[in-house]
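For the protein sequence lines, the chains are B and F, in the order given.
In terms of our numbering, the first sequence has 521 at position 289, counting the first letter as 1, and numbering is strictly consecutive.
In terms of our numbering, the second sequence has 490 at position 487, counting the first letter as 1, and numbering is strictly consecutive.
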Amino acid sequence: MSPSVLIPVLLILAALIPALASAVLPGRAIWRNGVNIAFAVFKLGVVAFALAGVAAGTEYEWRVAFVPGLDMILRLDALALLFITLSAVLWLATTVYAIAYLSGTKHQARFFLFFNLCVVSVSGIAMSGSLITFFIFYELLTLATWPLVVHTGTAKAMAAGRTYLAYTLAGSAALLAGIVWLESGAGPVEFVAGADLSGFNTLDQSLIFVLLIGGLGAKAALIPLHAWLPAAMAAPAPVSALLHAVAVVKAGAFGVVRVIYDVYGIEAVAMLGLGIPLAILASVTIVYGSLQALRQSDIKKRLAYSTVSQISYIVLGASLAGPFAVIGGLVHLVHQGLMKITLFFGAGILAERAGISQVDQMDGIGRRMPITMTAFTIAALGMIGAPPVAGFVSKWYLAIGAYQSGASWVIAVLAASSLLNAAYFLPLIYRAWLKPSGGGLPSPEALAATRTWMLILPGAFTAAAALGAGLFAGFELSPLGWATLIAERTYLP
Amino acid sequence: MTLLFALVALPLVFMLASLAAGRRAPRLIWLCAPLMTGLSAWLAISVFEGGRGGPLGGWPVPLGIALEADGLSAALLLASAITAGITGLYALGAYGRTDRETTRSYTFWPLFYGLWAALNAVLVSRDLFNLYVAIELLSLTAVALAAFGSRRAAMRYLMIALAGSLAYLLGVVLIFASVGTLDITLIGERAGEARIPVLTGAALISAGLIAKTALFPLHGWLPPAHGAAPPAISALLSALVVKASFVILLRVWFEALPGLSDPAVTLLFGVMGAAAVLYGSVLALRQQGLKVLIAYSTVAQLGYLLLVFPLAGGGEAATPWAAGAWGAMGFHASAHMLAKAGLFLAAGLMIHAVGDGRIDRLEGLARAMPVTALAFALCAVSLMGLPPSGGFIAKYLMLIAALASGQWPYAAVILAGGLLAAAYLFRPLARMFAGAGTPELARAPHRLLALAPLALGLAAMALGLFSAVPYDLMVIGLPEAGQAGLEDADPGS
Chain B
233 MSPSVLIPVL
243 LILAALIPAL
253 ASAVLPGRAI
263 WRNGVNIAFA
273 VFKLGVVAFA
283 LAGVAAGTEY
293 EWRVAFVPGL
303 DMILRLDALA
313 LLFITLSAVL
323 WLATTVYAIA
333 YLSGTKHQAR
343 FFLFFNLCVV
353 SVSGIAMSGS
363 LITFFIFYEL
373 LTLATWPLVV
383 HTGTAKAMAA
393 GRTYLAYTLA
403 GSAALLAGIV
413 WLESGAGPVE
423 FVAGADLSGF
433 NTLDQSLIFV
443 LLIGGLGAKA
453 ALIPLHAWLP
463 AAMAAPAPVS
473 ALLHAVAVVK
483 AGAFGVVRVI
493 YDVYGIEAVA
503 MLGLGIPLAI
513 LASVTIVYGS
523 LQALRQSDIK
533 KRLAYSTVSQ
543 ISYIVLGASL
553 AGPFAVIGGL
563 VHLVHQGLMK
573 ITLFFGAGIL
583 AERAGISQVD
593 QMDGIGRRMP
603 ITMTAFTIAA
613 LGMIGAPPVA
623 GFVSKWYLAI
633 GAYQSGASWV
643 IAVLAASSLL
653 NAAYFLPLIY
663 RAWLKPSGGG
673 LPSPEALAAT
683 RTWMLILPGA
693 FTAAAALGAG
703 LFAGFELSPL
713 GWATLIAERT
723 YLP
Chain F
4 MTLLFALVAL
14 PLVFMLASLA
24 AGRRAPRLIW
34 LCAPLMTGLS
44 AWLAISVFEG
54 GRGGPLGGWP
64 VPLGIALEAD
74 GLSAALLLAS
84 AITAGITGLY
94 ALGAYGRTDR
104 ETTRSYTFWP
114 LFYGLWAALN
124 AVLVSRDLFN
134 LYVAIELLSL
144 TAVALAAFGS
154 RRAAMRYLMI
164 ALAGSLAYLL
174 GVVLIFASVG
184 TLDITLIGER
194 AGEARIPVLT
204 GAALISAGLI
214 AKTALFPLHG
224 WLPPAHGAAP
234 PAISALLSAL
244 VVKASFVILL
254 RVWFEALPGL
264 SDPAVTLLFG
274 VMGAAAVLYG
284 SVLALRQQGL
294 KVLIAYSTVA
304 QLGYLLLVFP
314 LAGGGEAATP
324 WAAGAWGAMG
334 FHASAHMLAK
344 AGLFLAAGLM
354 IHAVGDGRID
364 RLEGLARAMP
374 VTALAFALCA
384 VSLMGLPPSG
394 GFIAKYLMLI
404 AALASGQWPY
414 AAVILAGGLL
424 AAAYLFRPLA
434 RMFAGAGTPE
444 LARAPHRLLA
454 LAPLALGLAA
464 MALGLFSAVP
474 YDLMVIGLPE
484 AGQAGLEDAD
494 PGS
């Protein structure tokens, strides 16, 4: 096998093998954990190799023929690598966290089976070279996440699972309708090359676009399709972390980027007049998500609505379509992932070790759990957009991009959103560090007994990464540098 | 040719052998299942490489008995050999006692082999009278097997089957009187001469076959019969028996009489199919019993097959692969065979374990019976038409054909049917994941029985993952009407 084919195959196998191994090694936690971590590290190595290759201009592609017109194409271009690198890094962190979080609980074999199938799906989504390949993995992701959402089996979890399926399966049906409609007139649609739209009138082109974006919007939690995301909080913390940072919502946002740039193309979207309405919808989602977050007293719910808001930054960047907006949107794909996963790791630790699930229980927790809360604080500041954390870089580029594209009103949206972000994150930080503890906190001795480094270090690591991505944004291999590379390849082919 | 003969004769030999073998009869399946699967695979390979059958016994048509296998027959023969073989092995759990003879274990095996022989005879016959004999044998063995469950349902089934046979026979007589032949190809050449009597005959034949296939609105007998029978028998009835009469329906309209159909005929079949999909799914959604739910799902899934009438040939001009409706039908029939049998077998194990057939009682089975639950899930995914299953390939090809030919209402029905299938199949699945405890279960007759539905589920997945070869096989020798559409077929060709 030539390396060109081998790399995509290895990236899929690196997650598929631990999935199957987890299923057939029940009861042997040490083996299972070892296999999971070993393959996550291995995958990181393959990603590093591919990064060097793609930076140098190599393209990796694997193609399997299904029925006529349906080729499964896995291709690594710069955009694919942006997503897959994020997922590989965060998955290693989440695997470590999940092993610690779930240790001693039941049904871990099942958990890691579907957990790894999620990695398979996300890798496939990232590397998809055609619309239908994207759809196959997108649907696989729905199926692989459902057992994770309902993992605890409580009535609340089952209801969340039902809501999740209702939104995502309906979304997938819309997406499939759009894809098939497009392909029935334009032939199989490969990314980058894009679709030949000449067979459709402009109304049909717009309708197909609405179907595609609507289908993707269900996973990207665009309003009014966002309600499943706060409900899915019933899942275990590692699942929430991956749902919000890399897997489901990101898959939707990534799909929106692909549709705009690599299926329709920026010019076609602009000509059909679809970019601005989408930007408006994204802006409304941003403000609405923030307002809802402000109203939540449950920490995880607040974080969930914050995700609704933050994911739309990516959609906003893609729909504005200027070079800087593109960079801002793409880089936020990575930055939001790093920051949000830190926040969820933190929330999981608070609930697990200190029994804290509400905002007003957080008084004084900072001194008791300094590492976790420092990481949490860095990530929260990043979400607000405070320099030098990564979130600032995204917002800065988005704002410049909005100005470039002549949509200056977006700057007001960004400013309002930042204010709201501050309004719902600062009280958490204030309570944690500055308020005296109300007495409901566990004693330092009790906390020492539950101090598991595998639970604490992943969050510290991702927080450091979020800080680093902001501080070293000027380097070529930073997320910003890579997003710039993608934008250059898009605009200067 | 000898191979085709062997495929029909061998099960008959096994039928006689099982009568002679007495209490050792169950063991014969260990020989029969691999033998038949091997022969079917051999046939599929030889059809793939270009050999088709010819008349039996050296006499040319119309004197000799024509046995012939096109790509569709070969594919369905193989799928049904896998399904029947695995179901037969599973039936060892219920009818496999060799230490003493019971009425049931004595009668099951001859009926099982008789059913298999009749099914294979239907798939390779090219003569309306042979088909009659084969379908009669099939109906009678099926009714006898259905009587293992509920005698009342079996009586009802018998009445419908006999009425269907009468209508069929009357139609055959009418056609024979007008064109003087029973050979399907020869009828095709002569049908133009006597339009009205031939059409009347075709209408009678169709009515009979629709009743036997349980196509909407003549489906009422199916759910009670399939729902009440023991699991292995439900699997045979739902997966295999109903497909046979549908294949004859195809032969009649696409090969014998393509020139006689007009838009009204395709529309009628299309509307019946669409109604079956929606009506069957909605009723499945309302069932409380697991097996009845699966049986109603069969009513819905059979509706998709009828869509081949309006969709075949759809809009080749638009895209080169839009003529995939024939392949879609083949994929749907094969995938449904595997998945529906798997679903019934898995349901049988679960119902045996909890001692109750209600969906509510399935709580916790994903933990207590993980292999069976996984098998159930894999089969369910294929029935929902989600990737990467064979059911997805069928749905995708059907959708492309529908939209490329501008028949979007069918596309809407297909998508809605997929969502409804997800809704009714996730109900039992969700119960299996719900709760926290692990229920007390009765022991399965043999612990390896769970592998039977798992193998069927994996086969349904493999059909999707390796779909290129099955597709090429299914379109070998596809009738011209399957390529160009029923309405555009040239009469008399």
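Glycine included, each C-beta is placed from N, C-alpha and C at the ideal position.
So which residues on chain F does L372 of chain B lean against when the C-beta distance must stay under 9 Å?
-> Correct list: L389, P390, P391.
Review point. Hey, how far is the Cα of I297 of chain F from the Cα of G549 of chain B?
Key: The C-alpha of G549 of chain B is placed about 47 Å away from the C-alpha of I297 of chain F.
- Message: Quick check: is the beta carbon of L406 of chain F nearer than 8 Å to any beta carbon in chain B?
- Response: Any Cβ of chain B closer than 8 Å to the Cβ of L406 of chain F would place that residue at the interface, and such an atom is present.
Alpha helix (DSSP H) runs contained entirely in the segment 383 to 447 of chain B, provided each spans 4 or more residues
Counting only unbroken stretches of 4 or more residues, the alpha helix (DSSP H) elements lying wholly within the segment 383 to 447 of chain B are 387 to 418, in sequence order.
Who are the Cβ neighbours of H339 of chain F in its own chain at under 6 Å, not counting the five residues just before and after it?
Hits under 6 Å: Q304.
Tell me, which residues are paired with R527 of chain B by DSSP? Bridge partners of R527 of chain B: none, in fact.
Distance check for A378 of chain F and A210 of chain F, CA to CA, integer angstroms please. Between the C-alpha atoms of A210 of chain F and A378 of chain F there is a straight-line separation of about 36 Å.
- Query: In whole angstroms, what is the alpha-carbon distance linking Q410 of chain F and Y399 of chain F?
  - Reply: Straight-line Cα distance between these residues: approximately 15 Å.
Checklist entry - According to the Cβ coordinates, are S470 of chain F and V299 of chain B closer than 8 Å? => result Their beta carbons are under 8 Å apart, which means S470 of chain F touches V299 of chain B by this criterion.
Q. Using a C-beta cutoff of 8 Å, does M390 of chain B count as contacting chain F?
A. For M390 of chain B, the answer is yes, since a Cβ of chain F falls inside 8 Å of its Cβ.
- Message: Let's test the definition: count the other Cβ atoms within 10 Å of the Cβ of R289 of chain F and tell me whether it reaches 16, buried, or not, exposed.
- Response: Result: exposed.
Requested in this report: State yes or no: is the beta carbon of T366 of chain B nearer than 8 Å to at least one beta carbon in chain F?
Outcome: Note that residue 366 of chain B is Phe in the sequence shown here, rather than Thr. No - not a single Cβ of chain F is within 8 Å of the one on F366 of chain B.
Considering Cα atoms alone, identify which of F:L239, F:T301, F:A235 is closest to G351 of chain F. Minimum Cα distance to G351 of chain F is reached at F:A235.
* To do: Alpha carbon to alpha carbon, how far is L699 of chain B from A705 of chain B? Give it in angstroms, no decimals.
  => Distance between the alpha carbons of A705 of chain B and L699 of chain B: 10 Å.
**Report entry** the segment 418 to 433 of chain F / the segment 359 to 366 of chain B touching (three or more Cβ pairs under 8 Å)
**Finding:** No, they do not touch.
inquiry  = Measuring alpha carbon to alpha carbon, tell me which residue in F:G292, F:A278, F:V176 is nearest G230 of chain F.
reply    = For the residues F:G292, F:A278, F:V176, the minimum Cα distance to G230 of chain F belongs to F:G292.
- Cβ-based burial, I610 of chain B [other Cβ within 10 Å; buried from 16]: When all chains shown are included, I610 of chain B counts as buried.
### Three-state secondary structure assigned by DSSP to R254 of chain F
Note: R254 of chain F maps to helix in three-state DSSP.
query: Quick one: does A321 of chain F have its CB under 8 Å from some CB of chain B?
result: Any reading at A321 of chain F needs caution, since the residue's pLDDT is 47, under 50, leaving its predicted position unreliable; the model's value is listed next. True, the Cβ-Cβ gap to chain B drops below 8 Å.
- DSSP on V481 of chain B, reduced to helix/strand/coil? In the three-state scheme derived from DSSP, where H, G and I count as helix and E and B as strand, V481 of chain B is classed as helix.
* Asked: What span of residues does the beta strand (DSSP E) with L308 of chain B cover, start to end?
  -> In the DSSP assignment, L308 of chain B falls within the unbroken beta strand (DSSP E) covering 303 to 308.
Next on the checklist: Whole angstroms are fine: how far does the CA of N133 of chain F sit from the CA of V125 of chain F?
Outcome noted: Rounded to whole angstroms, the separation of the alpha carbons of N133 of chain F and V125 of chain F is 8 Å.
Next on the checklist: For G292 of chain F, list the residues DSSP reports as bridge partners.
Outcome noted: Beta-bridge pairing links G292 of chain F to F:R361.
Taking the CB atoms as reference points, tell me whether C382 of chain F and P431 of chain F lie closer together than 8 Å. The answer is no: Cβ separation not under 8 Å.
Would you mind stating whether A622 of chain B and A701 of chain B have Cβ atoms separated by less than 8 Å? A701 of chain B is positioned such that its CB atom lies closer than 8 Å to that of A622 of chain B.
What are the complete alpha helix (DSSP H) segments, minimum 4 residues, inside the segment 569 to 630 of chain B? List check, alpha helix (DSSP H) in window: 597 to 600, 602 to 616.
- Item | Contacts of A120 of chain F in chain B (Cβ-Cβ under 9 Å) | The contacting residues do not exist; A120 of chain F stays about 32 Å from chain B at best.
Q.
Suppose the cutoff is 8 Å on Cβ atoms and the five residues either side in sequence are ignored; what does the same chain contact list for M605 of chain B look like?
A. Closer than 8 Å at Cβ, skipping near neighbours: G578, I597, G598, A664, W665.
- Reducing DSSP to helix, strand and coil, say where D186 of chain F ends up. Assignment of D186 of chain F by DSSP, reduced to helix, strand and coil, places it in the strand class.
**Request:** Just the chain B side, please: which residues come within less than 7 Å of F379 of chain F by C-beta, in chain order?
**Result:** Here the premise fails: no neighbours, minimum Cβ distance about 13 Å.
Alpha carbon of R254 of chain F to alpha carbon of A484 of chain F, nearest angstrom: So the alpha carbons of these two residues sit roughly 11 Å apart.
Going by DSSP, what residues sit across from Y292 of chain B in a beta bridge? Bridge partners of Y292 of chain B: B:L308.
query = Helix, strand or coil: which one does DSSP assign to L141 of chain F?
reply = L141 of chain F: helix per DSSP, three-state reduction.
- Query: Who does L70 of chain F pair with in a DSSP beta bridge?
  - Reply: Answer is F:S128, bridged to L70 of chain F.
Work out the CA separation of L346 of chain F and P390 of chain F for me, nearest whole Å. Straight across, the Cα-Cα distance linking P390 of chain F with L346 of chain F is about 17 Å.
| Residues of its chain near L372 of chain B, where Cβ-Cβ distance is below 6 Å and the 5 sequence neighbours each way are ignored | Cβ neighbours of L372 of chain B beyond the five flanking positions: S353.
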